[in-house]
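Novice: Take this structure, written in structure tokens, and hold onto it; I'll ask about it next.
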Amino acid sequence: QQPVQSPQAVILREGEDAVINCSSSKALYSVHWYRQKHGEAPVFLMILLKGGEQKGHEKISASFNEKKQQSSLYLTASQLSYSGTYFCGTANGQNFVFGPGTRLSVLP
Amino acid sequence: EAGVAQSPRYKIIEKRQSVAFWCNPISGHATLYWYQQILGQGPKLLIQFQNNGVVDDSQLPKDRFSAERLKGVDSTLKIQPAKLEDSAVYLCASSLATGWQPDQPQHFGDGTRLSIL
Chain E
1 QQPVQSPQAV
11 ILREGEDAVI
21 NCSSSKALYS
31 VHWYRQKHGE
41 APVFLMILLK
51 GGEQKGHEKI
61 SASFNEKKQQ
71 SSLYLTASQL
81 SYSGTYFCGT
91 ANGQNFVFGP
101 GTRLSVLP
Chain S
1001 EAGVAQSPRY
1011 KIIEKRQSVA
1021 FWCNPISGHA
1031 TLYWYQQILG
1041 QGPKLLIQFQ
1051 NNGVVDDSQL
1061 PKDRFSAERL
1071 KGVDSTLKIQ
1081 PAKLEDSAVY
1091 LCASSLATGW
1101 QPDQPQHFGD
1111 GTRLSIL
């Protein structure tokens, strides 16, 4: 019941946009997004609750399609500091599970 | 606000030895999680406490792993005896959730990197 993330990895130039997707086969109550830099702890970005809302955090926003059990993370005008591995975490019933991660590399 | 504290940061042991990790969550956080993160993978939940009670330990290898949170604050995770496949980063996280609250974020400590020789 681990969520699926795509793509597995993406390489961008500074200023370019990226989309990271997270999908589950289970009905979801919420989707969490975290970013982890190499050798550091995961850092919380945002939570999407069922209801199809969209949230933003600086130039990073996300959406949650409750009908499709999918969430997308949008990174606009990427900065070097956006590099890292992005994990979605999905809450269904009483369980919370992290996805395998998407490695994002932003080059100058 | 002080973050989640973990120690040690690094530990190297030989297989069949024992090891213990310590975690102090953010003050006031009722829920504490222990995760195992193998290189290149997402964090895998080992055990979840709410105060000093276990909420979920379904993925904890109970023949070798144990964890406790006696006073509902700090927690220890122990491995005895360690196997080669236990090499990973062990992350502790805490949240304000006092029950099933999927809208509460988790705050992570820096983790303990365990290497088994």
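Note that the protein sequences, when read in sequence, are chains E and S. If you count the first sequence from 1, position 76 lands on 76 in our numbering, and the numbers rise without skipping. Basically our numbering = 1-based index in the second sequence + 1000. C-beta atoms are modelled at their ideal positions from N, C-alpha and C, and glycine is treated no differently.
Measure the C-alpha to C-alpha separation of R13 of chain E and G1003 of chain S and round it to an integer number of angstroms.
Specialist: Counted from its first residue, the first sequence places residue 13 of chain E at position 13. Counted from its first residue, the second sequence places residue 1003 of chain S at position 3. Rounded to the nearest angstrom, the two C-alpha atoms are 33 Å apart.
Novice: Can you tell me the Cα-Cα spacing of A27 of chain E and A1005 of chain S, whole angstroms?
Specialist: In the first sequence, residue 27 of chain E corresponds to position 27, counting from 1. In the second sequence, residue 1005 of chain S corresponds to position 5, counting from 1. Each residue's alpha carbon lies about 34 Å from the other.
Novice: Just curious, the beta strand (DSSP E) that G51 of chain E is in, first and last residue?
Specialist: Taking the first residue of the first sequence as 1, we reach residue 51 of chain E at position 51. Here G51 of chain E belongs to no beta strand (DSSP E), and DSSP marks it neither H nor E.
Novice: Evaluate the contact criterion for the stretch 59–79 of chain E versus the stretch 17–32 of chain E: three or more CB pairs, one atom per stretch, below 8 Å.
Specialist: Yes, since at least three Cβ pairs between the stretch 59–79 of chain E and the stretch 17–32 of chain E fall closer than 8 Å, the two stretches touch.
Novice: Return the residue from the list S:I1038, S:V1055, S:Y1033 that minimises the CA-CA distance to D1086 of chain S.
Specialist: To locate residue 1086 of chain S, count along the second sequence from 1; it is residue 86. Considering only S:I1038, S:V1055, S:Y1033, the residue with the shortest C-alpha distance to D1086 of chain S is S:I1038.
Novice: Measuring only between beta-carbons, confirm whether L1114 of chain S sits less than 8 Å from chain E.
Specialist: Here residue 1114 of chain S refers to the residue found at position 114 of the second sequence. It does not: the Cβ of L1114 of chain S has no partner Cβ on chain E nearer than 8 Å.
Novice: In whole angstroms, give me the CA-to-CA distance for L1045 of chain S and Q1036 of chain S.
Specialist: Mapped onto the second sequence, residue 1045 of chain S falls at position 45. Mapped onto the second sequence, residue 1036 of chain S falls at position 36. Cα to Cα, L1045 of chain S sits roughly 7 Å from Q1036 of chain S.
Novice: Please identify, using Cβ separations under 7 Å, the residues of the stretch 6–19 of chain E that lie next to chain S, in order along the chain.
Specialist: Result list empty, no residue passes.
Novice: Identify which residue in E:P108, E:S83, E:V10 has its Cα closest to the Cα of P42 of chain E.
Specialist: Within the first sequence, the letter at position 42 stands for residue 42 of chain E. Among E:P108, E:S83, E:V10, the Cα nearest to that of P42 of chain E belongs to E:S83.
Novice: Assign S81 of chain E to one of three DSSP states: helix, strand, or coil.
Specialist: The count along the first sequence starts at 1 and reaches residue 81 of chain E at position 81. S81 of chain E falls in the helix class under three-state DSSP.
Novice: Does the beta-carbon distance from S1095 of chain S to P1102 of chain S come in below 8 Å?
Specialist: Residue 1095 of chain S sits at position 95 when you count from the first residue of the second sequence. Residue 1102 of chain S sits at position 102 when you count from the first residue of the second sequence. Not closer than 8 Å, so no.
Novice: Please state the DSSP three-state secondary structure of E1068 of chain S.
Specialist: Your numbering for residue 1068 of chain S matches position 68 in the second sequence. E1068 of chain S: strand per DSSP, three-state reduction.
Novice: When you compare only the Cα positions, how much space is there between T85 of chain E and R1016 of chain S?
Specialist: To locate residue 85 of chain E, count along the first sequence from 1; it is residue 85. To locate residue 1016 of chain S, count along the second sequence from 1; it is residue 16. When the Cα atoms are used, T85 of chain E and R1016 of chain S turn out to be separated by approximately 32 Å.
Novice: Is the stretch 91–107 of chain E close to the stretch 1008–1023 of chain S, with three or more CB pairs under 8 Å?
Specialist: no
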